[in-house]
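Asker: Residue numbers (UniProt numbering): 1 to 291.
Here is the structure:
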């Protein structure tokens, strides 16, 4: 049984505040993909040099500080905060290595929003086709908000929409939108294109229930897990738990601690808090050989 969303009629918004940038980015990524793959660690399911993995991911985190690390609502007490998620989950179509998708995920961390993530790696077997059906073209990121009936391309427009709709009068932190063109590429290059292409041995059919990941955008260990979820094209619920997040209590309730990443797989009952174990679990459980 598939858990993929059924395309419906939505209002398409693409004001193209950064349209030329993201369009050229798509073309550049198409050129960059095979080059980065040459320098990548090969098969993502194989044993890794985790010292190198964490080092490159940590440098990626430094390049994007302070964005994607904390909630803008952290200084409010629980009685004042109004950061509850919309009644229907947001749906984000993206791929981990894309700098403009990263911009949107950073904004969602700042807004303390959870979302359904539908990874769209190069070589996608399902999610990219859904984007074409809903929006009319294959471009990322792409946001669907079933609460308002709006669907949006262009990362700048998505970020502005999210803050207008769910920011309670707040604005993106200084430099969030502008910095993407300068340092947004750093994680993509340092991580050698991880989270960009579909793993050739990935299971073709999606699990019946979405996985759930507690994470925040700029956490180096969580980045490694999100890359794997993208390479396996596994849809999941992203629970953002940046510094000051109102979702921290939920994380502690389910895991017993505040550290991310933390993965819950309702399909198997697995709950895992160590990123190395999560990676091993994902590639073993969701390879074509495991079906």
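Here a beta-carbon is modelled for each residue, glycine too, at the ideal position from N, C-alpha and C. Just so you know, these numbers come straight off a predicted model, no measurement behind them.
Check for me: the alpha helix (DSSP H) holding residue 147 runs from which residue to which?
Answerer: Counting from 1 along the chain shown, the entry for residue 147 is found at position 147. That residue, residue 147, is in no alpha helix (DSSP H); it is neither H nor E in DSSP.
Asker: Report whether the distance from the Cβ of residue 58 to the nearest heavy atom of the ligand HEM is below 8 angstroms.
Answerer: The ligand HEM is not among the ligands present in this structure, which contains no ligands whatsoever.
Asker: Please classify residue 112 as buried or exposed, where buried requires at least 16 neighbouring CB atoms within 10 angstroms.
Answerer: In the chain shown, residue 112 corresponds to position 112, counting from 1. Per the 10 Å Cβ criterion, buried.
Asker: Report the rounded CA-to-CA distance for residue 68 versus residue 217, giving the unit in angstroms.
Answerer: Here the question's residue 68 lines up with position 68 in the chain shown. Here the question's residue 217 lines up with position 217 in the chain shown. Note on geometry: alpha-carbon atoms of residue 68 and residue 217 lie some 5 angstroms from one another.
Asker: Do residue 238 and residue 202 come within 9 angstroms of each other at the CB atom, strictly closer than that value?
Answerer: Your numbering for residue 202 matches position 202 in the chain shown. Your numbering for residue 238 matches position 238 in the chain shown. Not in contact: residue 202 and residue 238 (Cβ atoms no closer than 9 angstroms).
Asker: CA-CA distance, residue 281 and residue 150?
Answerer: In the chain shown, the residue the question calls residue 281 occupies position 281. In the chain shown, the residue the question calls residue 150 occupies position 150. Put simply, the backbone Cα of residue 281 is about 36 angstroms away from that of residue 150.
Asker: Rounded to the nearest angstrom, what separates residue 192 and residue 52 at their Cα positions?
Answerer: The count along the chain shown starts at 1 and reaches residue 192 at position 192. The count along the chain shown starts at 1 and reaches residue 52 at position 52. Computed Cα separation, rounded: 12 angstroms.
Asker: Compute the beta-carbon to beta-carbon distance between residue 56 and residue 121, rounded to the nearest angstrom, for a pair I have assumed lies under 8 angstroms.
Answerer: Residue numbering aside, residue 56 sits at position 56 when the chain shown is read from its first letter. Residue numbering aside, residue 121 sits at position 121 when the chain shown is read from its first letter. Going by Cβ atoms, the distance from residue 56 to residue 121 rounds to 19 angstroms, so no, they are not a contact pair.
Asker: On a CA-only basis, which of 229, 253, 85 is nearest residue 127? Give me that one, please.
Answerer: In the chain shown, residue 127 corresponds to position 127, counting from 1. Comparing Cα-Cα distances from residue 127 to each of 229, 253, 85, the minimum goes to 229.
Asker: According to DSSP, is residue 157 part of a helix, a strand, or is it coil?
Answerer: Counting from 1 along the chain shown, the entry for residue 157 is found at position 157. Looking at residue 157 - three-state DSSP - the assignment turns out to be helix.
Asker: Measuring only between beta-carbons, confirm whether residue 254 sits less than 9 angstroms from chain B.
Answerer: Absence of chain B from the displayed structure is noted, only one protein chain being present.
Asker: Near residue 265, what residues of its chain come up, given a Cβ to Cβ distance below 6 angstroms and the 5 sequence neighbours on each side ignored?
Answerer: The residue labelled residue 265 in the question sits at position 265 within the chain shown. So the qualifying residues of the chain are 211.
Asker: Going straight from the alpha carbon of residue 206 to that of residue 114, what length do you get?
Answerer: Residue 206 sits at position 206 when you count from the first residue of the chain shown. Residue 114 sits at position 114 when you count from the first residue of the chain shown. Whole-angstrom Cα-Cα distance: 21 angstroms.
Asker: Identify the continuous alpha helix (DSSP H) that holds residue 284 and give its terminal residues.
Answerer: Position 284 of the chain shown, counted from the first residue, corresponds to residue 284. Going by DSSP, residue 284 is part of the alpha helix (DSSP H) stretching over 275-285.
Asker: Do you know whose CA, among 94, 74, 102, lies nearest residue 186's CA?
Answerer: The count along the chain shown starts at 1 and reaches residue 186 at position 186. Checking every option, the nearest Cα to that of residue 186 belongs to 102.
Asker: Got a sec, what are the start and stop residues for the alpha helix (DSSP H) residue 178 sits in?
Answerer: Position 178 of the chain shown, counting from 1, holds the residue named residue 178. Its alpha helix (DSSP H) spans residues 176-183.
Asker: How big is the Cα-Cα spacing for residue 288 and residue 169?
Answerer: One-based indexing of the chain shown puts residue 288 at position 288. One-based indexing of the chain shown puts residue 169 at position 169. Answer to the nearest angstrom: the Cα atoms are 47 angstroms apart.
Asker: So, are the CB atoms of residue 261 and residue 213 less than 9 angstroms apart?
Answerer: The residue given as residue 261 occupies position 261 in the chain shown. The residue given as residue 213 occupies position 213 in the chain shown. Cβ distance < 9 angstroms, so residue 261 and residue 213 count as in contact.
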